[in-house]
Amino acid sequence: MMQAATDAAAHPAHEHPQSFWRTYVFSVDHKVIGKQYMSLALLMALVGGLTAYLIRWQLAWPETPVPGFGWMPEPTMYDGVVPPEFYNALITMHGTVMIFFVAMPFLLGAFGNFLIPLMVGAPDMAFPRLNMMSFWTLFSASTLLMASFFVPGGAAAAGWTGYAPLSADAVFTGVNWGLNLWILALALEFGSFLMGGVNFLTTAINMRAPGLTLTRLPLLVWMQLTAAVLFMLSIGPLIAGALMLLFDRTLGTSFFLPQRGGDALLWQHLFWFFGHPEVYVVLLPAFGMLLEVFPVFTRKPIFGYRTIIVATIATGILSFLVWAHHMFVSGIDPRLATPFSITTILISVPFAVMVFSMVASLWGGSITFATPMLFALGFLATFVIGGVTGIFLGAAAVDIYLHGTYFVVAHFHYTLFPSVFLGGFAGLYFWYPKMFGRMLNETLGKIHFWITVVAFNGVFIPLFLAGAAGNMRRVYNPMQYDFLKHLAPIHQFATYFTIVLLIGQVPFVINFVWSMFRGEPATDNPWHANTLEWATSSPPPHGNFETVPTVYRDPYEYSPPGVSEDWLPQYTPSPLTGGAR
Amino acid sequence: MSAMSVTEGVHATSRDFARQPLGKVGVWWFLASEIMVFGGLMGSYILSRIAAGGWAAERAHVNTRLAVINTLVLLTSSLTIVEAHAAVDADQRSRVRTFLLATVLLGCMFLGIKAFEYSHEIENGLTPASGLFWSFYYTMTGLHGLHVLIGIIINFSLFVAAGGRNFSRIQHRVEYAGLYWHFVDVVWIFLFPLLYLA
Amino acid sequence: MNATHKPGVGYVTIWVYLLILVAAGVAVLGAPVSKTVAVVLIFGVAVVKATLVIRHYMHVRQQPLMIYAMLTIPVLLAIAMTLALLPDIGLRP
């Protein structure tokens, strides 16, 4: 503790004179790296959004030219029309991009990197150079993935889940190097987040400011740490599996190809053993942002801090025990169906505990509906729909009917989209002043929120109905089947709202860019929040804190009794007793 | 200068429970994730082997004798690197260099024997495409071999650095390199019986 | 400044034990025992070897509890995953 204080004094927050490249490109400063992750995520979100547009157009008006895409050459598209091969590539890349190159970089890479050192009172991450390497590894992965669109045969087209044997031999999809590049891009992405995870965990465990015990950590840090642990424990078998898949495709090995003696189901197990914890890797950081925004805009503490931590850990453990619910109809041993149904229903319990704690945190609060709070509330409300529909799917008997339909598509969009684009935006609007030293425009923010949340529901509520009516997913043209023809208006309805949703992001882009140069300058603590990142300037200097802060209390002391202000930061000694409370 | 981390010298606070230097915690976390990678591969191998009925015929073609030698080589290299670590603690620079070099050489010997094994098998028409057993054999030993190679590079760069003036600043990395190297050894301790013995 | 690790039992001594264990593992191959017993013995030997390296060369005994957890949990998880897949992948025709 003394060591840290002395070091901070010897190495105060000052600017090293550095070249442009060192400051903005090859920086080892976690704040710059966090913003780099955010830029990459937002750019890839554009790619994800465009793929969504193309997919939804094809579903609503099959085999008609997509407006704005007449320029795309053959054989990718034909006079603006999406052919079946490209459709498969589109759905694959939409999923891959959104989960691995938008959700994770945005929620973990950007906010985890930016906030964790600040919230624990550290000058930077434990391993700054490793941090820089993690970003550039992800950048290389993104480049490889985008390049896969341009190779002969086009991009990967076996779904983001890459099931064997479809993915295990190029002859099945007609895609050769596109899928190999997909595997390599994913391998690099895994490596990138492994590096990041090491940093997050080591920093939060070993570099906390004096007085910052684990039970005084902001819940966002707890969530990021749990996500990092989940990722690191679950990714190993998939890394092995990815290597095996690549070798099946390139070296003639037999891992997943039945005709060579392999087992295609093994891939599914290896994939989903990771794939299920992965969705909590995406969700938990988003919950973390919600849990930081709520107390600030209700001016009361989070209800059930320790309960939430216990529930989070329980969720983390259970998340390793549910994966086969993705495989109920894949030909697994039927005796596995019941245990996995039970665990899947069970995992809704800690979630319910967390959701009730969040609602209780709102109860009786003095709520300000600023943009971050709107997004956080929208996140909670829409996510609950996602969670509840998961229960339908978790019961094996019901899943037999609903698996592989648009019901599943709607369910996971109701969990993933709110996490990334409602929870994530809550965080963005909340911490933008800290990151860029400027306030975002509230009016544009509110417009962005309302269009996003309404349009999102407009896209995906109909898809629950389509799925329940039997509409299979990953089908290029559902209208070729008589029994689905009556769903055409549903698909068109969803596509109209997709277009509205995409256009609705324009106010956000304008706000983001314009405010960076012309926004109202931000003070150190514009929201009157209690956690450590608000103890320093906006944006923080290199080294984060002039002197290492000392932590005196829990992070959510809002409206504390006996204090004239309605907030009491972690880092100020108590006004009543003059020392640690 | 600009590459110097602002966290140099920042150590554990008194309230944490790891109480270790940052680099060591980082290495342990990395090893934890690697356990899952090799665990996944080995688990898949065990399952596939049970399903296939044992692969006795295929396994008759592996060179157990060479694998035994390789096991002894790797175990000895674990000894040499832990001796290098002890020499760092005892501040005996030349001993550090000797043992690091020995570790590097033993690592190269391991890879050399492995390469010989591979070439012999490939000559006999046993490639990764020769069936599921060989798929696993090449993938598991190949991935392990890649880890050995990376370890050799790390150990060699420490050997070189140990001859220079700035070594005392980074000498704690010998222990971290040792942790990684021991892990690679432990993986082989399990690969050896899985592929060659049982 | 690094903590000096007191070996207790010397490193070379451990190395000798390891060599003996390698020999024992190979010896099981020729021993007149059933396949199942052979497999159990061979893997038992491997576990002992690994334990020796981890305890005495990686100095795990001198690490805090968290390190033990970081090692044990993945191992148990990998074993659990393999067992869970046994009905599906291992025991199907």
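Chains A, B and C supply the protein sequences, listed in that same order.
If you use our numbering, the first sequence closes out at 574, no skipped numbers anywhere.
If you use our numbering, the second sequence closes out at 936, no skipped numbers anywhere.
If you use our numbering, the third sequence closes out at 152, no skipped numbers anywhere.
Idealized CB from N, CA, C, for every residue including glycine.
Just to make sure I have the definition right: I need the residues of chain C whose C-beta is within less than 7 Å of the C-beta of residue 784(B). Which are they?
By one-based count along the second sequence, residue 784(B) stands at place 46. Under the 7 Å cutoff, chain C gives 141.
Which class does residue 398(A) belong to by DSSP, given the choice of helix, strand or coil?
Here residue 398(A) refers to the residue found at position 405 when the first sequence is read from its first residue. Note: residue 398(A) maps to strand in three-state DSSP.
Own chain, CB closer than 7 Å to residue 349(A), minus 5 neighbours either side, in chain order
Translated into positions along the first sequence, residue 349(A) becomes position 356. Hits under 7 Å: none found.
Under the three-state DSSP convention, the category residue 431(A) falls into
The residue given as residue 431(A) occupies position 438 in the first sequence. The answer is strand: DSSP assigns residue 431(A) an E or B state.
Within 10 Å of its beta-carbon, does residue 79(C) have 16 or more other beta-carbons around it, so buried, or fewer, so exposed?
Taking the third sequence and counting its residues from 1, the one referred to as residue 79(C) is at position 20. Exposed is the call here.
Could you check the C-alpha separation between residue 538(A) and residue 205(A) for me, to the nearest Å?
If you number the first sequence from 1, residue 538(A) lands on position 545. If you number the first sequence from 1, residue 205(A) lands on position 212. One C-alpha to the other measures close to 15 Å.
Does any CB atom of chain C fall closer than 8 Å to the CB of residue 799(B)?
In the second sequence, the residue the question calls residue 799(B) occupies position 61. So no, residue 799(B) is outside the interface.
Pop quiz: residue 41(A) and residue 75(A) are said to be a contact at Cβ under 8 Å. What is the actual Cβ separation, rounded to whole angstroms?
If you number the first sequence from 1, residue 41(A) lands on position 48. If you number the first sequence from 1, residue 75(A) lands on position 82. Between residue 75(A) and residue 41(A) the Cβ distance is about 16 Å, and since that is not below 8 Å, they are no contact.
Can you give the beta carbon distance from residue 153(A) to residue 92(A), rounded, assuming they're within the 8 Å contact cut?
Counting from one through the first sequence, the residue named residue 153(A) turns up at place 160. Counting from one through the first sequence, the residue named residue 92(A) turns up at place 99. Between residue 153(A) and residue 92(A) the beta-carbon gap is near 7 Å, inside 8 Å, which marks them as a contact.
Do residue 422(A) and residue 397(A) have their beta-carbon atoms positioned less than 8 Å apart in this structure?
Along the first sequence, read from residue 1 onward, the residue named residue 397(A) stands at position 404. Along the first sequence, read from residue 1 onward, the residue named residue 422(A) stands at position 429. No, these two residues do not count as a Cβ contact at 8 Å.
Roughly how many angstroms separate the alpha carbons of residue 149(C) and residue 788(B), rounded to a whole number?
Position 90 of the third sequence holds residue 149(C). Position 50 of the second sequence holds residue 788(B). So the alpha carbons of these two residues sit roughly 5 Å apart.
Between residue 86(A) and the rest of its own chain, which residues show a CB-CB distance below 6 Å, the 5 nearest in sequence each way excluded?
Within the first sequence, residue 86(A) is the residue found at index 93, counting from 1. Excluding residues within five positions, the ones whose Cβ falls inside 6 Å are 44, 148.
Express the C-alpha separation of residue 565(A) and residue 521(A) in angstroms, rounding to a whole number.
Reading the first sequence from its first residue, position 528 is the one you call residue 521(A). Reading the first sequence from its first residue, position 572 is the one you call residue 565(A). Straight-line Cα distance between these residues: approximately 13 Å.
Could you please tell me which residues of the region 910 to 930 of chain B, in chain order, have their CB closer than 7 Å to any CB of chain C?
Taking 7 Å as the Cβ-Cβ cut-off against chain C, the residues of the region 910 to 930 of chain B that qualify are 910, 913, 917, 920, 923, 924, 927, 928.
Name the DSSP bridge partner or partners of residue 826(B)?
For the purposes of this step, residue 826(B) is taken as residue 88 along the second sequence, with counting starting at 1. Partner(s): none; residue 826(B) has no beta bridge.
Report buried or exposed for residue 893(B), applying the criterion of at least 16 other Cβ atoms within 10 angstroms of its Cβ.
Here residue 893(B) corresponds to residue number 155 of the second sequence, with the count starting at 1. Counting Cβ neighbours within 10 Å, residue 893(B) comes out buried, since at least 16 surround it.
Interface residues of the region 242 to 261 of chain A facing chain B [CB-CB below 9 Å]
So the list reads 244, 245, 246, 247, 248, 253, 254, 255, 256, 259, given in the order they occur along the chain.
Within the region 907 to 931 of chain B, note down every full beta strand (DSSP E) run reaching 3 residues or more, in order along the chain.
DSSP runs (the beta strand (DSSP E)) wholly in the region 907 to 931 of chain B: none.
Helix, strand or coil at residue 502(A) [DSSP, three-state]:
Stepping through the first sequence from its first residue, residue 502(A) is reached at position 509. Note: residue 502(A) maps to helix in three-state DSSP.
Roughly how many whole angstroms lie between the Cα atoms of residue 873(B) and residue 795(B)?
The sequence position of residue 873(B) within the second sequence is 135, counting from 1. The sequence position of residue 795(B) within the second sequence is 57, counting from 1. Between residue 873(B) and residue 795(B), the C-alpha separation is close to 15 Å.
Which runs of the alpha helix (DSSP H) fall wholly inside the region 248 to 332 of chain A and span at least 4 residues, in chain order?
For the region 248 to 332 of chain A, the full-length alpha helix (DSSP H) segments reaching 4 residues or more read 257 to 291, 298 to 311 along the chain.
With 16 other CB atoms within 10 Å as the buried threshold, where does residue 239(A) fall?
Here residue 239(A) refers to the residue found at position 246 when the first sequence is read from its first residue. Of the other Cβ atoms in all chains shown, 16 or more fall within 10 Å of the Cβ of residue 239(A); this residue is therefore buried.
Output, in chain order, the set of chain C residues within a Cβ distance shorter than 7 Å of residue 821(B).
Locating residue 821(B) in the second sequence gives position 83, where the first residue counts as 1. 70, listed in chain order.
Within 8 Å (strictly less), CB to CB, does residue 789(B) reach chain C?
Position 51 of the second sequence holds residue 789(B). Chain C, which has a Cβ nearer than 8 Å to the Cβ of residue 789(B), makes this yes.
Taking only runs that begin and end inside the region 458 to 546 of chain A, name each unbroken alpha helix (DSSP H) of 4 or more residues, in chain order.
List check, alpha helix (DSSP H) in window: 481 to 496, 499 to 511.
Please list, in chain order, the chain A residues whose beta carbon lies closer than 9 Å to that of residue 123(C).
The residue labelled residue 123(C) in the question sits at position 64 within the third sequence. For residue 123(C), no chain A residue has a Cβ inside 9 Å of its Cβ, as the nearest lies near 10 Å away.
Note down, in chain order, all residues in the region 223 to 238 of chain A with a beta-carbon under 9 Å from any beta-carbon belonging to chain B.
Cβ contacts with chain B come from 224, 225, 226, 227, 228, 229, 230, 231, 232, 233, 234, 236, 237.
For my contact list, residue 310(A) and residue 387(A) are in at a C-beta cut-off of 8 Å; report their separation, rounded to the angstrom.
Counted from its first residue, the first sequence places residue 310(A) at position 317. Counted from its first residue, the first sequence places residue 387(A) at position 394. Not really, about 17 Å apart at Cβ, beyond 8 Å.
I'd like to confirm the pairing. Which residues does DSSP put opposite residue 560(A) in its beta bridges?
Your numbering for residue 560(A) matches position 567 in the first sequence. For residue 560(A), which the question treats as bridged, DSSP gives the partners 551(A).
Residue 71(A) (DSSP reduced to helix, strand or coil):
To locate residue 71(A), count along the first sequence from 1; it is residue 78. The three-state secondary structure of residue 71(A), taken from DSSP, is strand.
The alpha helix (DSSP H) with residue 882(B) in it runs from where to where?
Taking the second sequence and counting its residues from 1, one reaches residue 882(B) at position 144. Counting along the chain, the alpha helix (DSSP H) containing residue 882(B) begins and ends at 870 to 899.
Going along the chain, which residues of the region 322 to 337 of chain A sit with their C-beta nearer than 7 Å to a C-beta in chain C?
Taken in chain order, the members of the region 322 to 337 of chain A whose beta-carbon sits within less than 7 Å of a beta-carbon on chain C are 325, 326, 328, 329.
Evaluate contact between the region 495 to 511 of chain A and the region 422 to 436 of chain A, counting only Cβ atoms and requiring at least three cross-stretch pairs below 8 Å.
Yes, they touch.
Return the CA-CA distance between residue 76(C) and residue 806(B), expressed in angstroms with no decimal places.
Here the question's residue 76(C) lines up with position 17 in the third sequence. Here the question's residue 806(B) lines up with position 68 in the second sequence. If you take the alpha carbons of residue 76(C) and residue 806(B), they lie about 15 Å apart.
Check whether residue 304(A) and residue 416(A) have beta carbons under 8 Å apart:
Position 311 of the first sequence holds residue 304(A). Position 423 of the first sequence holds residue 416(A). In this structure, residue 416(A) does not lie closer than 8 Å to residue 304(A) by Cβ.
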